[in-house]
Each structure stands twice: as structure tokens, then as C-alpha cells.
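Enquirer: Please read through the structure below; I'll follow up with questions.
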Amino acid sequence: MIIKSLEQLNSFSKKVANRLKEKDFIFLVGEIGVGKTTFTRFLINYLQKKEGLKVSEVLSPTFNLLYEYDLKKYKIMHYDLYRLNNEEELNNLGILKENENAIKIIEWPKIIKIHISNKLEINLEYTKKGSERKLRLFGTGKWKNFE
Ligand SMILES: Nc1ncnc2c1ncn2[C@@H]1O[C@H](COP(=O)(O)OP(=O)(O)O)[C@@H](O)[C@H]1O
Ligand SMILES: [Mg+2]
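For the sequence shown, our numbering assigns the number 173 to the initial residue and increments by one for each residue that follows.
Here it is in C-alpha cells:
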């Protein structure tokens with residue numbers, strides 16, 4: 173799928189947001205600056221607005237590894253695993269623990285090797301045009317035929 177602008181990325185993020193449920197994972201794959209955090213910001217801010225909550229800043233968790241956002245029924249855990257280099261650290265973070273009331277959005281997820289039941293992986297790539305991106309989706313479970 174070609175996304176021509178930030179506005180189109182915003183619309184796409186809403187479509188994903190409206191389907192999200194507890195225990196879903198979103199993997200965001202792509203080079204630095206391609207739009208992984210921007211996608212996450214659109215998605216979280218959309219859900220905050222939809223639920224009548226205060227719209228917050230959504231910053232990259234590059235150094236903290238994790239930022240959390242409380243919504244009404246569940247929370248969103250936003251990870252950036254760029255700096256993580258072994259599976260032990262991954263286990264310490266508890267990312268893969270069953271978490272009944274969380275949705276996990278993960279940038280740089282390649283260290284995660286296990287199968288996840290309901291996961292949407294979004295691959296983002298630059299094109300020759302500055303504000304355009306190519307998106308490819310790979311889903312498991314309920315996300316399998318999402319497009
Ligand atoms: N269509 C687009 N989709 C995503 N980001 C875009 C798009 N057009 C321009 N940008 C810009 O590209 C940058 C993406 O940065 P960011 O989301 O932090 O990337 P990442 O988290 O992948 O490193 C932002 O400055 C954003 O405004
Ligand atoms: Mg980022």
C-alpha cells in the first residue's frame with residue numbers, strides 16, 4: 173500500500189486503532205525516520221480523543237525502552253527495542269508475558285522470535301518522494317487478512 177502523506181498515515185492508523193483489542197501486538201519495522209513513532213502517535217492520540225481523554229505527547233521511547241498510555245479499558249505499551257541486544261534483556265522487560273489488559277506497539281522488534289497469536293506487523297519503506305511511504309502488512313490471527 174502506498175501512503176502519500178501524513179494525513180493518509182493518520183487515516184490508516186485510525187483504521188488499525190478501531191480494531192485493536194487487549195493482547196494485540198503491533199510490530200513496526202523500517203529504517204530510522206520512516207514513520208514508526210509518528211504512526212504510533214497518531215494511533216494513541218486518536219484513541220485518547222475517541223475516549224474523551226486528554227491528548228498527550230507521544231515521544232519515542234528510544235532511551236526509556238517503554239512509555240505507557242492509560243486508556244479506559246486497557247493501556248498501550250509503546251516500546252523501542254533499537255538498543256536491546258540480547259534476549260535476556262527482552263525477558264527482563266516482560267514484553268512477552270501475557271498481559272490481559274495491554275496492547276503492545278513495538279518498534280525494532282526483530283529480537284522477538286516467538287509466535288504471537290494476534291499480531292499486525294507493518295513494514296514501512298521510503299519511496300523516491302519525500303512524504304510518501306510504502307507499507308506492507310503481515311498479520312497473524314485476527315490480523316491475517318487486514319488491509
Ligand atoms: N507519509 C509519512 N509517513 C510517516 N512519516 C512521515 C511521512 N511524511 C513525512 N514524515 C516525517 O518523517 C518523520 C518520521 O519520523 P519518526 O516517526 O520519528 O520515524 P521512526 O520512528 O520510524 O524513526 C517525521 O518527521 C514525519 O513528520
Ligand atoms: Mg521511532
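C-beta: ideal position from N, C-alpha, C; glycine also.
1) When the distance is taken between beta carbons, is K314 closer than 8 Å to N290?
2) May I have the straight-line CA-CA distance separating E304 from V201, to the nearest angstrom?
3) Answer yes or no: the CB of I175 versus the heavy atoms of ligand 1, is any distance below 7 Å?
4) Below 8 Å on the Cβ atoms is my guess for H250 versus T212; work out the distance and round it to an integer in Å.
5) Going by other Cβ atoms of all chains shown within 10 Å of its Cβ, with 16 needed for buried, is K185 buried or exposed?
6) Compute the minimum distance between the beta carbon of T312 and the heavy atoms of ligand 1, and state whether it is under 7 Å.
7) So, is G207 buried or exposed, given that buried needs 16 or more other C-beta atoms within 10 angstroms?
8) If you run the structure through DSSP and keep just helix, strand and coil, what is R213?
Expert: Let me lay it out:
1) For the purposes of this step, residue 290 is taken as residue 118 along the sequence shown, with counting starting at 1. For the purposes of this step, residue 314 is taken as residue 142 along the sequence shown, with counting starting at 1. Cβ distance < 8 Å, so N290 and K314 count as in contact.
2) In the sequence shown, the residue the question calls residue 304 occupies position 132. In the sequence shown, the residue the question calls residue 201 occupies position 29. Spanning the two alpha carbons is a distance of roughly 16 Å.
3) Residue numbering aside, residue 175 sits at position 3 when the sequence shown is read from its first letter. I175 Cβ: within cutoff of ligand 1.
4) Here residue 250 refers to the residue found at position 78 of the sequence shown. Here residue 212 refers to the residue found at position 40 of the sequence shown. Correct: roughly 6 Å between the Cβ atoms.
5) Residue 185 sits at position 13 when you count from the first residue of the sequence shown. Per the sequence shown, residue 185 should be read as Ser rather than Lys. Label assigned to S185: buried.
6) Start at 1 with the first residue of the sequence shown, and residue 312 comes out as number 140. Outside the cutoff, so no.
7) Position 35 of the sequence shown, counting from 1, holds the residue named residue 207. Classification of G207: buried, given that the 10 Å Cβ count is 16 or more.
8) Here residue 213 refers to the residue found at position 41 when the sequence shown is read from its first residue. Reduced to three states, the DSSP call for R213 is helix.
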